[in-house]
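*Asks:* Here it is, the structure, as structure tokens.
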Amino acid sequence: RVFDTEIVRGRVCIVVDDVTTTGATLAEAKRALRLAGARAVHTIALARS
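The following block contains the structure:
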């Protein structure tokens, strides 16, 4: 959930996760940011388990 949509509206966002297994957390973060008005969302995980 994005609490202040003004922060992300119209911006390009980058989400960094330390470890990912299924990718569900990154997918949900991306979905929430897009719904809040982000122009684009890029995701990266530093490790995969």
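In the working numbering, the protein residues as written are 13 to 61.
We treat Cβ as the ideally placed atom computed from N, Cα and C, and that holds for glycine.
1. So, for D16: in the same chain, excluding its five sequence neighbours on each side, which residues have a beta-carbon less than 6 Å away from its beta-carbon?
2. Kindly give me the distance between the Cβ atoms of T37 and D29, rounded to whole angstroms, as I take these residues to be in contact under 8 Å.
3. For A52, name the three-state secondary structure that DSSP assigns.
4. What residue does the beta strand (DSSP E) around V28 start on, and which one ends it?
5. So V20 is in the alpha helix (DSSP H); what residue range does that whole segment cover?
*Replies:* Quick look at the numbers:
1. Translated into the one-based positions of the sequence shown, residue 16 becomes position 4. Excluding positions up to five away in sequence, the list is empty.
2. Position 25 of the sequence shown, counting from 1, holds the residue named residue 37. Position 17 of the sequence shown, counting from 1, holds the residue named residue 29. About 6 Å separates the two Cβ atoms, so the contact holds.
3. What you label residue 52 is simply residue 40 of the sequence shown in a count that begins at 1. Three-state result, A52: strand.
4. Against the sequence shown, residue 28 aligns to sequence position 16. Counting along the chain, the beta strand (DSSP E) containing V28 begins and ends at V24 to T32.
5. Indexing the sequence shown from 1 puts residue 20 at position 8. Taken as a continuous stretch (DSSP letters only), the alpha helix (DSSP H) holding V20 covers T17 to V20.
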